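Before any comments, here is the structure.
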Amino acid sequence: MTTRITIDPVTRIEGHLRIDVEVENGRITKSWASGQMWRGIEKIVLDRDPRDAWTILQRVCGVCTVVHAMASVRAVEDALKLEVPLNAQYIRNMMMTAHAVQDHIVHFYQLSALDWVDVVSATKANPAKAASFAEGLSDWDANSRAVMAATQEKLKGFIGSGQLGVFANGYWGHPAMKLSPEVNLMAVAHYLQALEVQRSASKIVATLGSKTPHIQNLAVGGVSNPIATDSEGVLTIERLMQIKEYIDKIGSFLHNCYFVDVAAIAAHYPEWLAMGAGVNDFLSSPDLPLDTKGAKFMTPGGYIPGGNLSAFRAITKFGDPYLASGVAEGVKHAWYTYKNGESELQPWKGETTPAYTEFQDNGKYSWVKSPTFYGKPAQVGPVAAVLAGVATGDKTTVSYLNRLNDKMQALSARKIEPSALNSTVGRHAARVVRACVAYECLKANWQLLMDNIGTGDMTTFNKPTFPKGEIMGVGQEEAPRGLLSHWVVIKDGRIANYQAVVPSTWLAAPKSDRDQMASYDVALLGTPVADPARPLEALRTVHSFDPCLACAVHLTDVERNTDVQVNAL
Amino acid sequence: MAKLDEYIESVRAENGMKSPLRKPDKAGKVLVLGIGNELLSDEGIGIHAIRALANRYDWAEIEIVDGGTTGMELLPQLEGVDRLIVVDAVRAGQPPASIVRLDGDRVPAYFKTKLSPHQVGLSDLLAAMSFKGTAPGHVVLIGVQPVTLSVGLELSPEVKARLDEVVNLVLAELTLNGHPVKMRN
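Protein chains in written order, with this note's numbering: chain A, 537 to 1105; chain B, 269 to 453.
Rendered as structure tokens:
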């Protein structure tokens, strides 16, 4: 018997995503990921001053404010071939890495842990056993029996007062939940501690960005933070020392909790290291520039066809033609139309004209366009970035991957091979490695900034000047969810075209012009579904990509309460 | 203030809120939070209201935040808040440009069933905070039913015409709870 399951909306994500799957003999055989919001945001910046675009575009998404702001200024800088002072690069790098750490922690603990952790089961745990399990894995000072017991009390009170319903769609007691009550309790304790730590990361962004949640310090050509060693209201040594304290707090949590919890989930759910593989061609961008031109980076990026690390081809600089010539977006299955037929358009020539139909299984069914790299879909995100690190022998990436495997082997006899990162749990593993790499780079950029200020260099900004005529630029970025690119065409100092190709577009896209599936659909095929009314397994795989579709915008339907529909076919 | 009293009562009555007004509470920390996407015309009413409030009044004592479409990032601002006043576009099945006021348990219940990028974020944050035991003691939502959500930085004329009422309603909430704010000079 074939059953069609529609999950609409997928909860605990940013934005509005619908997933339709067909289940035959307990496994998913067909899948359609569909973005349910129109992305017309590019139109709003048309004819504006390119220096202002970033302030508007950071409003596109509530999760990725820093990320879109950064890609936008980079796009304009690339068009102008404008160099960015070293201090500004370091400050930007710190903001990006602090944001990435915060984003990964929130994703793991607040948005996806509930797919693996049964919080109700934690009420049955023995707090002493939970503490000794946790203490055996790290020397974190908040794993004591007292902490576990207090967490359990809090949890019992919370459930007892009937408040558990505030967590949308937690599948408590589902047969696919496998952690012991003690491991569940440890995870709940870390869930609460994660809230504290992500605050520290937010404060770094707020201190550097002058304001939060929307930053104010970016500028085309640098940053607007005046640096002074002795004055109030600017980036002082005192503030930088405060930032260092936040950085240290983050490091301790990453190493002692996030790392341990991912290893525990991987060890207890090993079958999910063999399920949920997305597209096997990977694309990432180098990032965290260490020079003024954007040609020397802290983290590598490039293309890996067929998962073959030895075939890695690097993207070597901002605006690399290898990237710019390779990216195109199709609309054969998306609710848009192009002026001259429907074949793919390179983003500088991109169009955003809506053409809504109903949901057509074999026609148009999503507001997300279908991006390709030299004609093929690609998987972007932490797996692509970690694999680029492995392919190039990046020391930080490789050492953290090894450390994760050490933790894994303390819990089970298993190891996560690089090829297994392309799986549902593998994506969480790749993400914790990326969070640790971001932390190391955050620390390093802090030191680079201090050292550079020490040389007497206080420059943070190069003034842009806009030529007559038409110029084009791409702002590329290895964002927390993967490769983000903003594409701008500037004519006589005004924006003539703008397109954003965002990570979730690469992953959640409908089929391409050549009917190739993108990663969500590929990953869902073969996934078991024990109970069609509670499709936890499908959600695990979708959540593992950290969907963020808010940069797709516009609501189409707002007052539905049902989120899972099951129909026999 | 008599007029504001009447006004807030009338809005409460429209929403079936019969309970008496809370007694002024001087102690707790108050946060006025505007949320919404200002790129989508009326979806940005919360942001427009916050800007109007911030420009016209003196906020030395009370925190006022333009939250945009963010969620978890608002944790530092929300920690320790006793009284949270949220201004937002709401889809409550009312005629376009209606003003709506929700309080108490109806606010989290409302957020939970609503499909919108930013409310999902705020509701996840409030859920996490109530689990942690640090959720604001009182949450009031002041909203406007949008006329249009089309792409654009301007409010529709109908919603724009009600902006001052929204501003006054926020002032009334503050005043009636013992936290009046002064006009800027």
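Each residue gets a CB set at the ideal place from its N, CA and C atoms; glycine is no exception. Because the structure is a prediction, the values reported are computed rather than measured.
Within chain B, partners of residue i - CB distance below 9 Å
| i | result |
| --- | --- |
| residue 596(A) | 305, 307 and 337 |
| residue 779(A) | The contacting residues do not exist; residue 779(A) stays about 14 Å from chain B at best. |
| residue 510(A) | Residue coverage of chain A in this structure runs from 537 to 1105, which leaves residue 510(A) outside it and unanswerable. |
Local Cβ density within 10 Å of residue i, reported as buried at 16 or more and exposed below that
| i | result |
| --- | --- |
| residue 1047(A) | buried |
| residue 413(B) | buried |
| residue 1001(A) | exposed |
| residue 561(A) | exposed |
| residue 892(A) | exposed |
| residue 983(A) | exposed |
| residue 453(B) | exposed |
| residue 590(A) | buried |
| residue 528(A) | Here chain A covers residues 537 to 1105 and nothing more, so residue 528(A) does not appear. |
| residue 1042(A) | buried |
| residue 291(B) | Residue placement at residue 291(B) cannot be trusted, given a pLDDT of 49 that sits under 50; what the coordinates show is reported in the next sentence. Residue 291(B) is exposed by the Cβ-count criterion. |
| residue 855(A) | buried |
| residue 1080(A) | buried |
CB contact check: residue i to chain B, cutoff 9 Å
| i | result |
| --- | --- |
| residue 692(A) | no |
| residue 634(A) | no |
| residue 738(A) | yes |
| residue 752(A) | no |
| residue 742(A) | yes |
| residue 699(A) | yes |
| residue 1076(A) | no |
| residue 646(A) | yes |
| residue 727(A) | yes |
| residue 599(A) | yes |
| residue 1115(A) | Here chain A covers residues 537 to 1105 and nothing more, so residue 1115(A) does not appear. |
| residue 731(A) | yes |
| residue 1070(A) | no |
| residue 592(A) | yes |
| residue 577(A) | yes |
| residue 580(A) | yes |
| residue 638(A) | yes |
Residues that residue i contacts on chain B, provided the C-beta gap is smaller than 7 Å
| i | result |
| --- | --- |
| residue 749(A) | 335, 336, 338, 341 and 342 |
| residue 642(A) | 340 |
| residue 783(A) | The contacting residues do not exist; residue 783(A) stays about 16 Å from chain B at best. |
Any chain A beta carbon closer than 9 Å to residue i
| i | result |
| --- | --- |
| residue 371(B) | no |
| residue 362(B) | no |
| residue 300(B) | no |
| residue 289(B) | Below a pLDDT of 50, predicted positions are generally treated as unreliable, and residue 289(B), at 45, falls in that range; no measurement from the model is reported. |
| residue 421(B) | yes |
| residue 310(B) | no |
| residue 347(B) | yes |
| residue 392(B) | yes |
Terminal residues of the alpha helix (DSSP H) in which residue i lies
| i | result |
| --- | --- |
| residue 604(A) | 601-616 |
| residue 1076(A) | 1072-1080 |
| residue 628(A) | 622-641 |
| residue 571(A) | Careful: residue 571(A) lies outside any alpha helix (DSSP H), inside the beta strand (DSSP E) at 563-571. |
| residue 976(A) | 960-990 |
| residue 556(A) | Segment 553-560 is the beta strand (DSSP E) holding residue 556(A); no alpha helix (DSSP H) there. |
| residue 1057(A) | 1055-1060 |
| residue 946(A) | 931-947 |
Residue i: contacting residues in chain A (beta-carbon distance under 9 Å)
| i | result |
| --- | --- |
| residue 356(B) | Correct list: empty, because the minimum Cβ distance to chain A is about 13 Å. |
Residue i - containing beta strand (DSSP E), residue span
| i | result |
| --- | --- |
| residue 1037(A) | 1030-1037 |
| residue 925(A) | Run containing residue 925(A): none in the beta strand (DSSP E); it sits in the alpha helix (DSSP H), 918-927. |
| residue 1021(A) | 1018-1027 |
| residue 336(B) | 331-336 |
| residue 1006(A) | 1006-1015 |
| residue 302(B) | 297-303 |
| residue 543(A) | 538-543 |
Chain-ordered chain A contacts of residue i [CB-CB under 7 Å]
| i | result |
| --- | --- |
| residue 401(B) | 690 |
Within chain A, partners of residue i - CB distance below 8 Å
| i | result |
| --- | --- |
| residue 432(B) | In chain order: nothing, as chain A lies at least about 24 Å away. |
Discussion item. In chain order, what are the residue ranges of uninterrupted alpha helix (DSSP H) at least 4 long that sit wholly in the region 806-885 of chain A?
Written reply: 857-860
Practice prompt. With a floor of 3 residues, list each beta strand (DSSP E) that falls wholly inside the region 413-447 of chain B, ordered by position along the chain.
Written response: The qualifying runs do not exist here; there are none.
Discussion item. Extract the residue ranges of the beta strand (DSSP E) inside the region 651-714 of chain A, only unbroken runs of 3 or more that lie entirely within it.
Written reply: none
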